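In order, the protein sequences belong to chains A and B.
FYI, the numbering for the first sequence is 1 to 219, going by the numbering used here.
FYI, the numbering for the second sequence is 1001 to 1219, going by the numbering used here.
Glycine included, every Cβ here is placed at the ideal spot set by N, Cα and C.
Everything numeric in this text was worked out from a predicted model, so none of it was measured.
To keep things clear, I will list the structure first and then write my remarks on it.
There are 2 protein chains.
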Amino acid sequence: MSTISKENYLKTIFIHNNTGETACTSKVAHKLSVSNAAISDMAKKLSQEGLISYKKYRGMELTAEGEKIALRVLRRHRLWESFLIKALGMSWGEVHDEAERLEHHSSDSLIDKIDEYLSFPDFDPHGEPIPKKNGTLPKTPKSISLNEVQIGNTYQIIRVNDQNSELMKYLTKNNLFLNTKLQVIDKLLFDNSVIVKINGKKIFLSEKISSSIFVKFLK
Amino acid sequence: MSTISKENYLKTIFIHNNTGETACTSKVAHKLSVSNAAISDMAKKLSQEGLISYKKYRGMELTAEGEKIALRVLRRHRLWESFLIKALGMSWGEVHDEAERLEHHSSDSLIDKIDEYLSFPDFDPHGEPIPKKNGTLPKTPKSISLNEVQIGNTYQIIRVNDQNSELMKYLTKNNLFLNTKLQVIDKLLFDNSVIVKINGKKIFLSEKISSSIFVKFLK
DNA sequence: CTATAAAGTTAAGCAGGCTTAACTTTGCTC
DNA sequence: GAGCAAAGTTAAGCCTGCTTAACTTTATAG
């Protein structure tokens, strides 16, 4: 049986796998705010159910079956976020936590109605691809993190990491939105922070923040 | 702490209390699809938390504190139902089960946004009053059950009991909506069923169904 | 007033999803 | 390749919300 907890484990493992790495115990534990022991425990169960492949001390990877569930949860999450912003005028910073709960408590029929309401979008308001009903994931345009940009160039924000409500609120407060254009003024090597100019205004971005913002090169 | 399970117990007790009776173990158990033992168990806990008053073998009644929580859940449920119908075009029969889950997983802020979207309605699509943010309940117009009507008279449906998705689907299929006008053709005393005419068409309604439909006298 | 059925309660136990504490494995440094 | 810190695992146990089975209370019929 796929419970709320299991859905969250699978979703988190998917996101880790998706960056190329096998999901390791402590990272998943940190993300889910549970102990490492809880991960080992659940890894056994998910493995037995055929949802992940798991070798002790070697991290976790989703099976096709597990990925299917993860994508279904991700679809729900991203559609809910999109819907709450579009239909109810909620803000970037509010919707993540809300969607984090709603994603586990909506019927397929409801999710499909939301999808239809939004005209079957490919991307959510953070620029993340929304898994389709059939399980496919729209192709994400190439992007680099704001950590890796070059001084003097101009870029456009095409994706932000939707992992943290506080971060979202901070971005909103500083006029950092999807599609915002920015010029790189300076990079401070000793702390990996970046200084950018948006609409003529200089903004300082710490490594933590800039690494959550993904851009494409403009000029 | 108020958990999902406790919210459901309180909501169910409220609905029973609201009809005038103290909520008895077996009725609440039946409604929640759990054993009587589970009710006794939970009654102790809710009582200890000051949410209900409970004397063994004597049923349960909400305290002011418990009623506050119950009304908050009811508000969420009825606003969600209204919203799903209005914003997403879902049907009477679909929304109950959906709202039954969503009511436990929405922030106050989200619920208030839904309330605003709907222009702060007093009644939901079943004619049930929607508790206000401040905990007050809009006054319900006087109504009688379709069981108690008199042959020959004409009535208008002003409320239906939203307890069962299957019932809702049945009503929809038979053109029984809120505000529908109907004429009472006959009542069969031996099984308490009723025969009514709607738009010139005769419809047979069993006791179970007619007792869930509430009407006001027209002529 | 008593017998009895119905309703309610208690006790023991289970499953899920955690925790902490103790232990094991890994992999890196020297 | 020995030693050690970090990462991971196991074991025991807790809490919630249920279950079933056995028992108690209540209400009612005669």
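Shown here, Y155(A) sits in a strand according to DSSP, grouped into three states. By DSSP's assignment, V1028(B) forms no beta bridge with any residue. With distances taken between CA atoms, A29(A) lies nearest to A38(A) out of A38(A), L84(A), T22(A). In the displayed model, F177(A) falls within coil according to three-state DSSP, outside both helix and strand. 8 Å or more divides the Cβ of I1069(B) from the Cβ of L88(A). Proximity of the segment 143-153 of chain A to the segment 79-87 of chain A falls short of the contact definition, fewer than three beta-carbon pairs being nearer than 8 Å. Bridge partners of M1060(B) according to DSSP: A1023(B), Y1054(B). When the Cα atoms are used, H104(A) and H1104(B) turn out to be separated by approximately 11 Å. Within the segment 59-106 of chain A, the complete alpha helix (DSSP H) segments of 4 residues or longer fall at 64-88, 92-102, listed in chain order. A direct Cα-to-Cα measurement between P1121(B) and I1130(B) gives close to 7 Å. When secondary structure is reduced to three states using DSSP, Q48(A) falls in the helix class.
When C-alpha distances from N175(A) are compared across E116(A), E128(A), I213(A), the shortest belongs to I213(A).
For P121(A), DSSP assigns no beta-bridge partner whatsoever. M90(A) reaches chain B at K1113, counting residues in chain order whose Cβ is nearer than 7 Å. For A99(A) against L84(A), the beta-carbon gap comes to about 7 Å, under 8 Å, which counts as contact. Close to H1126(B), with beta-carbon spacing below 8 Å, lies no residue of chain A; the smallest spacing is near 18 Å. Contact with chain B is absent for A99(A), since none of that chain's Cβ atoms lies less than 8 Å from the residue's Cβ.
In this structure H96(A) does not touch M42(A) by the C-beta definition: roughly 23 Å separates them, more than the 8 Å allowed. Scanning its chain for C-beta atoms nearer than 7 Å, with the 5 sequence neighbours on each side dropped, one finds around V1215(B) the residues S1143, I1144, L1146, V1149, Y1155, Q1156, I1157, I1158, in chain order. Following the DSSP letters along the chain, one finds L1010(B) inside the alpha helix (DSSP H) bounded by residues 1004-1018. Against chain A, the CB of H1096(B) has no partner CB under 8 Å away; the residue lies outside that interface. Between the beta-carbon of G1127(B) and that of V1073(B) there is about 19 Å, and that puts the pair past the 8 Å contact cut. The Cβ atoms of K1173(B) and I1185(B) do not sit closer than 8 Å to each other. Restricting attention to F217(A), W92(A), T180(A), the CA atom closest to the CA of E166(A) is found in W92(A).
In this chain, the alpha helix (DSSP H) harbouring K1208(B) covers 1207-1210.
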